[in-house]
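With the UniProt record's numbering, the residue at position 177 of the sequence shown is 177, and numbering never jumps. Remarks on the structure that follows.
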Amino acid sequence: MPNFEELVIGTVIASIIAFLINLILMPSFIRFLKLKGMVVNDNHKPNKPKVPRPAGPILLLSIVIGELILFFITGNLEIISILLTTSIAFIIGIIDDFRIMPGWFKPGALILASIPLIIFHIYDNELNVIFGSVFIPILYIPLILISIPLAGNTVNSIDVFNGVATGFMIITMFPIIISTFLFGDLEILMIELPFLAALLGFYMFHKYPSKIFPGDSGTLLMGAMYGALAIASKSEIIAIIALLPAIMNSFLFLSSVRKIVEHRELKSRPTILNEDYTLQASKDKNAPITLVRLILLDGKLSEREIVMKIYKLAAFSSSLGLITILLQFIISNG
């Protein structure tokens, strides 16, 4: 086992490489996608510019290379387990990027992405519930089978504007990292940092105005890896708190539509795009209720303004997660 200094140096190198792979390879990949005509309209901007999609392959490559560096240093099989979960989620997403799949496909298929976590037993039989822990060896496996599809589809559902999914993930990773630092173990913390670095590198291209969209392959792999890291670090409750705005968005959508459907299948849109390219909430009773529709109840906003409001919600929910971590720390040391 490497000493502490070697682990720190390895983590720094892995994180820098994960960041740089996005920074170096993404411009060429953007040109490649444009050349192949793999573009979609950015409907919230004048003239609806064509934006390449999906960025998932380069994002996955950056994560895999960064994490494999750590694996060769530590030999920790949890890294392989998390990478398998992330890769399966990516494959499910890339299928959906290129073929129109039914609404049940992503949540149903993401159950497969949960399997490596169970096989490698990266979870603890105790669920951390802040004021203590609950021993649930039988119930924990069903929880994993639910958690990865939930995390993947939650992140996918909030990918509605430039940079939102990636920025949201970056903000909500901080409570997980702090929780892992205080209550988890060093090797899980090491795994989290290259993932965060990869997200930061990709955000440089996904932020408003986006040069490339993540696609389902990008959002599903982000959500699945986030969920896997939350399980591995025993930070499940913290992750749920941090993700509350996105979870609420999914819940509102499903409760109003009352079935699992793709957004492209909707007949009524939750928002209306005005001539000045601001958005306002739809008054159609049949339109689904979403987080963005609720944000727009106070009046019309530009895309950039909506993005910033979602970031603020992510920061607020993450701060609630940090408060929860503080309570947990006080109780455990009281």
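Yeah, the Cβ is synthetic: ideal placement off N, Cα and C, and Gly gets one too.
Residue i vs residue j beta-carbon contact at 7 angstroms
{"i": "residue 292", "j": "residue 223", "result": "no"}
{"i": "residue 55", "j": "residue 218", "result": "yes"}
{"i": "residue 277", "j": "residue 167", "result": "no"}
{"i": "residue 6", "j": "residue 161", "result": "no"}
{"i": "residue 250", "j": "residue 157", "result": "yes"}
{"i": "residue 60", "j": "residue 90", "result": "yes"}
{"i": "residue 281", "j": "residue 18", "result": "no"}
{"i": "residue 244", "j": "residue 317", "result": "yes"}
{"i": "residue 172", "j": "residue 314", "result": "yes"}
{"i": "residue 208", "j": "residue 307", "result": "yes"}
{"i": "residue 71", "j": "residue 65", "result": "no"}
{"i": "residue 77", "j": "residue 29", "result": "no"}
{"i": "residue 193", "j": "residue 92", "result": "no"}
{"i": "residue 179", "j": "residue 235", "result": "yes"}
{"i": "residue 112", "j": "residue 146", "result": "no"}
{"i": "residue 253", "j": "residue 288", "result": "yes"}
{"i": "residue 97", "j": "residue 185", "result": "no"}
{"i": "residue 238", "j": "residue 175", "result": "yes"}
{"i": "residue 324", "j": "residue 225", "result": "no"}
{"i": "residue 128", "j": "residue 140", "result": "no"}
{"i": "residue 242", "j": "residue 152", "result": "no"}
Three-state secondary structure assigned by DSSP to residue i
{"i": "residue 11", "result": "helix"}
{"i": "residue 249", "result": "helix"}
{"i": "residue 142", "result": "helix"}
{"i": "residue 172", "result": "helix"}
{"i": "residue 128", "result": "strand"}
{"i": "residue 312", "result": "helix"}
{"i": "residue 155", "result": "helix"}
{"i": "residue 214", "result": "coil"}
{"i": "residue 161", "result": "coil"}
{"i": "residue 178", "result": "helix"}
{"i": "residue 147", "result": "helix"}
{"i": "residue 26", "result": "helix"}
{"i": "residue 234", "result": "coil"}
{"i": "residue 243", "result": "coil"}
{"i": "residue 268", "result": "coil"}
{"i": "residue 101", "result": "coil"}
{"i": "residue 34", "result": "helix"}
Beta-ladder partner(s) of residue i, from DSSP
{"i": "residue 302", "result": "278"}
{"i": "residue 50", "result": "41"}
Residue i versus the options, residue with shortest Cα-Cα distance
{"i": "residue 14", "options": "73, 52, 114", "result": "73"}
{"i": "residue 309", "options": "246, 327, 321, 286", "result": "246"}
{"i": "residue 240", "options": "252, 232, 227", "result": "227"}
{"i": "residue 285", "options": "299, 150, 268", "result": "268"}
{"i": "residue 189", "options": "215, 233, 153", "result": "233"}
{"i": "residue 144", "options": "105, 321, 118", "result": "118"}
{"i": "residue 67", "options": "97, 10, 107", "result": "10"}
{"i": "residue 33", "options": "296, 58, 120", "result": "58"}
{"i": "residue 107", "options": "148, 84, 170, 211", "result": "148"}
{"i": "residue 53", "options": "47, 26, 78", "result": "26"}
{"i": "residue 138", "options": "152, 103, 327, 123", "result": "123"}
{"i": "residue 37", "options": "50, 44, 290", "result": "50"}
{"i": "residue 114", "options": "23, 82, 301, 195", "result": "82"}
{"i": "residue 305", "options": "44, 40, 290", "result": "44"}
{"i": "residue 41", "options": "2, 21, 212, 69", "result": "212"}
{"i": "residue 22", "options": "331, 150, 206, 8", "result": "206"}
{"i": "residue 116", "options": "229, 47, 103", "result": "229"}
Span of the alpha helix (DSSP H) around residue i
{"i": "residue 106", "result": "105 to 119"}
{"i": "residue 271", "result": "It is not in any alpha helix (DSSP H) - residue 271 instead sits in the beta strand (DSSP E) that spans 271 to 273."}
{"i": "residue 96", "result": "77 to 98"}
{"i": "residue 204", "result": "186 to 206"}
{"i": "residue 59", "result": "56 to 74"}
{"i": "residue 122", "result": "Note, residue 122: premise wrong, no alpha helix (DSSP H); not H, not E."}
{"i": "residue 287", "result": "From DSSP, residue 287 is part of no alpha helix (DSSP H); its letter is neither H nor E."}
{"i": "residue 294", "result": "291 to 295"}
The ligand ADP heavy atom lying under 6 angstroms from the CB of residue i
{"i": "residue 62", "result": "The ligand ADP is absent from the structure shown, which contains no ligand whatsoever."}
Interface flag, residue i vs chain B, CB-CB below 7 angstroms
{"i": "residue 179", "result": "Any reference to chain B falls outside this structure, which holds one protein chain only."}
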